[in-house]
Amino acid sequence: GDSVTQMEGPVTLSEEAFLTINCTYTATGYPSLFWYVQYPGEGLQLLLKATKADDKGSNKGFEATYRKETTSFHLEKGSVQVSDSAVYFCALTPNTGGFKTIFGAGTRLFVKA
Amino acid sequence: NAGVMQNPRHLVRRRGQEARLRCSPVKGHSHVYWYRQLPEEGLKFMVYLQKENIIDESGMPKERFSAEFPKEGPSILRIQQVVRGDSAAYFCASSPPGTGAGGNTIYFGEGSWLTVV
Numbered sequence: 008g009d010s011v012t013q014m015e016g017p018v019t020l021s022e023e024a025f026l027t028i029n030c031t032y033t034a035t036g037y038p039s040l041f042w043y044v045q046y047p048g049e050g051l052q053l054l055l056k057a058t059k060a061d062d063k064g065s066n067k068g069f070e071a072t073y074r075k076e077t078t079s080f081h082l083e084k085g086s087v088q089v090s091d092s093a094v095y096f097c098a099l100t101p102n103t104g105g106f107k108t109i110f111g112a113g114t115r116l117f118v119k120a
Numbered sequence: 440n441a442g443v444m445q446n447p448r449h450l451v452r453r454r455g456q457e458a459r460l461r462c463s464p465v466k467g468h469s470h471v472y473w474y475r476q477l478p479e480e481g482l483k484f485m486v487y488l489q490k491e492n493i494i495d496e497s498g499m500p501k502e503r504f505s506a507e508f509p510k511e512g513p514s515i516l517r518i519q520q521v522v523r524g525d526s527a528a529y530f531c532a533s534s535p536p537g538t539g540a541g542g543n544t545i546y547f548g549e550g551s552w553l554t555v556v
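Top to bottom, those sequences are chains E and C. Mapped onto the numbering used here, the consecutive letters of the first sequence carry residue numbers 8 to 120. Mapped onto the numbering used here, the consecutive letters of the second sequence carry residue numbers 440 to 556.
Written out as structure tokens, the structure is:
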């Protein structure tokens with residue numbers, strides 16, 4: 008079945024460091040891909056999305072490119088801030104008529120001042 | 440979070456009691472989804488409902504759990520005879536009517552944290 012695999016955390020970085028959180032997926036056809044962020048004690052917020060191959064989603068300095076050939080959707084940010092500390096979830100929805108969003112296990116990010 | 444309202448935000452129940460979690464979707468949305476997040480884990484799909492219909496409940500435990508989305512009022516996730524293992528965050532999400540296959544963003548509420556003591 009469809010699945011999402013994320014790099015394990017926690018990831019600890021110093022402020023202004025470069026961030027990469029790896030995400031790969033398994034799905035038939037061309038799913039839509041998402042990154043969600045969850046701050047402590049809060050719900051999920053959509054960070055960015057991409058709906059077809061080679062699309063780049065971006066928001067708040069974060070970017071991810073839909074790579075069909077490597078079935079990947081890695082999240083990147085050039086310079087992280089303490090306020091970026093959160094859990095990041097990669098997710099997909101299949102383009103086969105279903106609405107079930109499938110989530111990765113999440114990657115916790117700590118950013119030190 | 441685009442207006443999905445969940446309540447209560449925090450709920451404590453003793454083993455054997457019932458828990459009822461409510462979700463009001465974004466105004467005009469007719470699709471509701473429930474997800475469960477166990478501590479330190481990702482979200483797992485439980486059930487997908489449209490008004491008065493359960494479309495996909497493949498993620499719901501077969502016993503003690505039920506969900507509804509009546510014609511009027513919020514969606515309810517009901518857990519009977521709760522056990523410690525039910526302690527989790529339960530998230531509701533919604534999407535508008537007529538959303539086609541894939542690519543559509545679903546909007547999450549802030550979650551209901553259930554603690555069973």
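Even for Gly, the Cβ is constructed at its ideal location relative to N, Cα and C.
{"Check": "Could you check where the beta strand (DSSP E) with K128 (chain E) kicks off and where it finishes?", "Outcome": "Because chain E spans 8 through 120 in this model, residue 128 (chain E) falls outside it and cannot be assessed."}
{"Check": "Under 9 Å between C-beta atoms, does Y73 (chain E) make it to chain C?", "Outcome": "no"}
{"Check": "Do you know offhand how far A109 (chain E)'s Cα is from D61 (chain E)'s?", "Outcome": "This sequence places Ile at residue 109 (chain E); Ala is not what is there. Cα to Cα, I109 (chain E) sits roughly 21 Å from D61 (chain E)."}
{"Check": "Quick one: complete beta strand (DSSP E) runs, 3+ long, within the stretch 477-521 of chain C?", "Outcome": "482-489, 492-495, 504-507, 514-518"}
{"Check": "Would you check if there are 3 or more beta carbon pairs closer than 8 Å linking the stretch 95-102 of chain E to the stretch 24-42 of chain E?", "Outcome": "yes"}
{"Check": "Taking all protein chains shown into account, decide if Y46 (chain E) is buried (16 or more other Cβ within 10 angstroms of its Cβ) or exposed.", "Outcome": "exposed"}
{"Check": "Would you tell me roughly how many angstroms separate the C-alpha atoms of V118 (chain E) and V89 (chain E), rounded to the nearest one?", "Outcome": "5 Å"}
{"Check": "Should R475 (chain C) be labelled buried (16 or more other beta-carbon atoms within 10 Å of its own) or exposed?", "Outcome": "buried"}
{"Check": "Identify every run of the alpha helix (DSSP H) within the stretch 42-83 of chain E, keeping only runs that are complete inside it and at least 4 residues long; order them along the chain.", "Outcome": "none"}
{"Check": "Over the uninterrupted beta strand (DSSP E) stretch that includes V451 (chain C), give me the two end residues.", "Outcome": "449-452"}
{"Check": "Pull up the DSSP beta-bridge partners for I109 (chain E), would you.", "Outcome": "E:L99"}
{"Check": "Which stretch, first to last residue, makes up the beta strand (DSSP E) that contains N446 (chain C)?", "Outcome": "444-446"}
{"Check": "Kindly indicate which three-state DSSP category V18 (chain E) falls into: helix, strand or coil?", "Outcome": "strand"}
{"Check": "Name the DSSP bridge partner or partners of K119 (chain E)?", "Outcome": "E:S21"}
{"Check": "Going by alpha carbons, who is nearest to D91 (chain E) out of E:Y73, E:Q13, E:C30, E:F69?", "Outcome": "E:F69"}
{"Check": "Using a Cβ cut-off of 9 Å (strictly closer), state whether T544 (chain C) contacts chain E.", "Outcome": "yes"}
{"Check": "Which whole-angstrom value is the C-beta distance of Y43 (chain E) and S10 (chain E), which I expect to be below 8 Å?", "Outcome": "So it is not a contact: roughly 16 Å between Cβ atoms."}
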